[in-house]
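Have a look at the structure below before the remarks.
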Amino acid sequence: MYSMSTLSFLFLVMVGVATASPAVGGRNLGGRTGGVGAVNKAVDQETQTLLEGVKGEVEAELVSLGRLNAGAQVSDFTVLSYSTQVVAGRNYFAKVRIAPNEYVHIRVYNHWSGTVELHSMQVDKSLADPVVHF
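If you use mature numbering (1 follows the signal peptide of the UniProt record, and there is no 0), the sequence shown corresponds to residues -20 to -1, 1 to 114, in order.
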């Protein structure tokens, strides 16, 4: 059997592990599972590249909404700001400039396995509109 001090130590270790911030590949993801983090205005190249992975899906959605001609592409795809939510993977809520003075908000799901997909999109956004959970 284990001594009381050993059991107490194991309990504290288990509680510490259960409440620690999730990490992937040794990188701290910050925040709690399910909570949406603060809006990050400093978009790094890794995030820009990840979100560019759904550009085709964004264009297809714009075509289905009658906002873009079939076969056409958006003239820009610059991520201006974003926030994240840790789930069974990570949700990204981002403001993207798709043309001069034309913005959309996208919700992108990045599974731990690496798959990236457009979950939803909001159109008719302005530069001043805050990026929120949707």
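Positions of the beta carbon are idealized from the N, C-alpha and C atoms, including for glycine.
Counting other Cβ atoms within 10 Å of its Cβ, Phe73 reaches 16 or more and is therefore classed as buried. The C-beta separation of Gln102 from His85 comes to about 4 angstroms, placing the pair in contact by the 8 angstroms criterion. Annotation for Thr29: the continuous alpha helix (DSSP H) segment containing it runs Gln25 to Glu32. Classified as buried, Thr64 has 16 or more neighbouring CB atoms from the shown chains inside 10 Å of its CB.
Ranked by Cα distance from Val54, the options Asn71, Val96, Glu97 and Gly36 are led by Gly36.
If you look at Lys75, you'll find it in the beta strand (DSSP E) that goes Gly69 to Ala79. As a beta-bridge residue in DSSP terms, Arg87 pairs with Phe73 and Ser100. Pairing His99 with Pro80, the inter-Cα distance amounts to about 24 angstroms. Counting the other CB atoms within 10 Å of its CB gives Asn90 a total of 16 or more, which places it among the buried residues. Closest option to Asn71, judged by alpha-carbon separation, among Asp24, Leu31 and Lys21: Leu31. Just so you know, the alpha carbons of Asp56 and Val67 end up roughly 29 angstroms apart. Going by beta carbons, Val88 and Glu97 fall inside the 9 angstroms limit. With a beta-carbon spacing of about 25 angstroms, Arg77 and Thr95 fall beyond the 8 angstroms limit used to define contacts.
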